[in-house]
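Student: My structure is below; once you've seen it, I'll send some questions.
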Ligand code: CO8
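Numbering (the numbering used here), first residue to last: 5 to 264.
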């Protein structure tokens, strides 16, 4: 599939999706969002792909936000549509049945921070800067920022970041749990690929069920979440990977998973 604003590179069971609008610091307009939805729909059914890495082109920005030039003339109804488009696409990424790693290579602001938070794991370059600066523009986060930031770093820290619009650096993002790991900028993609390869070597069905249990479980009460987890645990026993994984352990050899 060919895209105007995305580059897709598939190797070693990992797809690297690069948002490629460096002249606008990879800002998200409707076209980029539509292309992201199409790319993820495509990758979902690609059996060669076990993990996805999402990054931005250039050394300066992951994504510097939703496209301010495109948003400036919107009326209220169009703004709701644009926000809903952003929500829909970020939900696709959050619910994607394979792990998605954000490799944050610079500014992750506004919609960029929201996009990174929709990914499962954030590996960030030491020059990364995060923030939700929407209040500087007279608006609020509209692609899930008020929701996902509070869930990731807690209500108090989310409110401080969103009310002030302040940017934080990579180390601070790591300290508050927004970043999983900070690496040197020139090692970012290798680090993300290394993590993707490690995850890809595990049982794919088990990884998918674990993602579903964590994401859905956090939105349920503990009793229902516990039953949901137990059901998914039980379903693992319908897979060849469970037989292989446990057999391999007992035979003291590495497991070979097939995703079946
Ligand atoms: N949208 C459009 N263009 C952008 C954006 C953006 N978010 N960010 C940067 N650009 C463009 C600049 O306009 C500039 O273009 P040009 O060269 O044509 O003038 C180019 O990228 C380079 O940017 P700068 O010259 O500004 O680079 P600096 O290194 O001086 O500054 C910054 C980098 C600090 C990242 C700065 O560009 C900046 O502050 N950008 C805006 C950050 C921001 O406010 N992001 C949040 C946007 S709002 C949002 O994301 C809401 C999401 C929910 C939407 C809900 C829908 C209704």
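In this text, a Cβ means the ideal position worked out from N, Cα and C, and glycines have one as well. All values derive from a computational prediction rather than experimental measurement.
1) Cβ of residue 71 within 7 Å of any heavy atom in the ligand CO8?
2) On the three-state DSSP scale, how would you describe residue 25?
3) Nearest to residue 202 by alpha carbon, out of 71, 162, 225 and 103?
4) Rounded to the nearest angstrom, what separates residue 1 and residue 46 at their Cα positions?
5) When you compare only the Cα positions, how much space is there between residue 205 and residue 199?
6) Where residue 86 and residue 258 are concerned, what is the direct C-alpha to C-alpha distance, given to the nearest angstrom?
7) Restricting to runs no shorter than 3 residues, where is the beta strand (DSSP E) found entirely within the segment 96 to 128?
8) Pick from 51, 67, 59 and 239: whose alpha carbon is nearest that of residue 30?
9) Candidates 60, 49 and 156: which alpha carbon is nearest residue 36's?
10) Beta-carbon separation of residue 232 and residue 221 under 8 Å?
11) Tell me which same chain residues have a C-beta within less than 7 Å of the C-beta of residue 175, skipping the five on either side of it?
12) Based on the DSSP secondary-structure assignment, which residues constitute the bridge partners of residue 12?
13) For residue 158, which of 182, 260, 172 and 79 has the nearest alpha-carbon?
14) Hey, how far is the Cα of residue 147 from the Cα of residue 119?
15) From residue 25 to residue 80, what distance separates their C-alpha atoms?
16) Could you give the distance in angstroms between the alpha-carbon of residue 165 and the alpha-carbon of residue 156?
17) If I measure Cβ to Cβ from residue 169 and keep anything under 6 Å in the same chain, skipping five residues before and after, which residues do I get?
18) Should residue 140 be listed as close to the ligand CO8, given that the test is whether its C-beta is under 7 Å from any heavy atom?
19) Please confirm whether residue 160 and residue 209 have their CB atoms less than 8 Å apart.
20) If we require 3 or more residues per run, which beta strand (DSSP E) segments fall completely within the segment 55 to 96?
21) Excluding sequence positions up to five away, which residues of its chain have a Cβ less than 6 Å from the Cβ of residue 122?
22) If you reduce the DSSP assignment to three classes, tell me which class residue 235 lands in.
23) Among 34, 55, 117 and 111, which residue has its Cα nearest to the Cα of residue 82?
24) Mind checking which residues open and close the beta strand (DSSP E) that includes residue 185?
25) Where do the ends of the alpha helix (DSSP H) carrying residue 167 lie?
26) Where does the unbroken beta strand (DSSP E) through residue 135 begin, and where does it stop?
27) On a CA-only basis, which of 194, 43 and 54 is nearest residue 108? Give me that one, please.
28) Excluding the five sequence neighbours on either side, which residues of its own chain have a C-beta within less than 7 Å of the C-beta of residue 23, listed in chain order?
Tutor: Looking at the atomic coordinates:
1) As a working note, residue 71 is residue 67 in the chain shown. Flag set: Cβ of residue 71 near the ligand CO8.
2) Translated into positions along the chain shown, residue 25 becomes position 21. Of the three classes helix, strand and coil, the one that applies to residue 25 here is coil, per DSSP.
3) One-based indexing of the chain shown puts residue 202 at position 198. Looking only at 71, 162, 225 and 103, the smallest Cα-Cα distance to residue 202 is reached by 103.
4) The requested residue 1 does not occur in the structure, where the chain is confined to residues 5 to 264.
5) Along the chain shown, one-based indexing puts residue 205 at 201. Along the chain shown, one-based indexing puts residue 199 at 195. For residue 205 and residue 199, the distance between alpha carbons rounds to 10 Å.
6) As a working mapping, residue 86 is identified with position 82 in the chain shown. As a working mapping, residue 258 is identified with position 254 in the chain shown. Spanning the two alpha carbons is a distance of roughly 48 Å.
7) Scanning the segment 96 to 128 for uninterrupted beta strand (DSSP E) segments of 3 residues or longer gives 104 to 108 and 111 to 113, listed from N- to C-terminal end.
8) Here the question's residue 30 lines up with position 26 in the chain shown. Closest by alpha carbon: 67.
9) Here residue 36 is taken as the residue at index 32 of the chain shown, counted from 1. Nearest of 60, 49 and 156 to residue 36, Cα basis: 60.
10) Taking the chain shown and counting its residues from 1, the one referred to as residue 232 is at position 228. Taking the chain shown and counting its residues from 1, the one referred to as residue 221 is at position 217. Yes, they are a contact pair.
11) Taking the first residue of the chain shown as 1, we reach residue 175 at position 171. Spatial neighbours of residue 175 in its own chain (CB-CB distance under 7 Å, excluding positions within 5 residues in sequence) are listed in chain order as 186.
12) Here the question's residue 12 lines up with position 8 in the chain shown. 21.
13) Mapped onto the chain shown, residue 158 falls at position 154. Selected option, being the one with the closest Cα: 182.
14) If you number the chain shown from 1, residue 147 lands on position 143. If you number the chain shown from 1, residue 119 lands on position 115. Each residue's Cα considered, the two are about 8 Å apart.
15) If you number the chain shown from 1, residue 25 lands on position 21. If you number the chain shown from 1, residue 80 lands on position 76. Distance between the alpha carbons of residue 25 and residue 80: 26 Å.
16) By 1-based counting over the chain shown, the position of residue 165 is 161. By 1-based counting over the chain shown, the position of residue 156 is 152. Going from the Cα of residue 165 to the Cα of residue 156 covers about 13 Å.
17) Here residue 169 refers to the residue found at position 165 of the chain shown. When the five nearest sequence neighbours on each side are left out, the beta carbons in the same chain lying within less than 6 Å of the beta carbon of residue 169 are those of 137, 139 and 140, in order along the chain.
18) Sequence index remark: in the chain shown, residue 140 carries index 136 (1-based). The beta carbon of residue 140 sits closer than 7 Å to at least one heavy atom of the ligand CO8.
19) Walking along the chain shown from the start, residue 160 turns up at place 156. Walking along the chain shown from the start, residue 209 turns up at place 205. Cβ distance not < 8 Å, so residue 160 and residue 209 don't count as in contact.
20) Qualifying beta strand (DSSP E) stretches, in chain order: 55 to 60 and 65 to 67.
21) Your numbering for residue 122 matches position 118 in the chain shown. Spatial neighbours of residue 122 in its own chain (CB-CB distance under 6 Å, excluding positions within 5 residues in sequence) are listed in chain order as 94, 97 and 98.
22) Walking along the chain shown from the start, residue 235 turns up at place 231. It is helical.
23) Residue numbering aside, residue 82 sits at position 78 when the chain shown is read from its first letter. When only C-alpha atoms are compared, the closest one is 34.
24) One-based indexing of the chain shown puts residue 185 at position 181. Where residue 185 is concerned, the enclosing beta strand (DSSP E) stretches over 185 to 187.
25) Counting from 1 along the chain shown, the entry for residue 167 is found at position 163. Bounds of the alpha helix (DSSP H) holding residue 167 are 159 to 168.
26) For the purposes of this step, residue 135 is taken as the residue at position 131 of the chain shown. Residues 133 to 135.
27) Residue 108 sits at position 104 when you count from the first residue of the chain shown. The candidate whose alpha carbon is nearest that of residue 108 is 194.
28) Position 19 of the chain shown, counted from the start, is the residue given in the question as residue 23. Closer than 7 Å at Cβ, skipping near neighbours: 9, 10, 30, 36, 60, 61 and 67.
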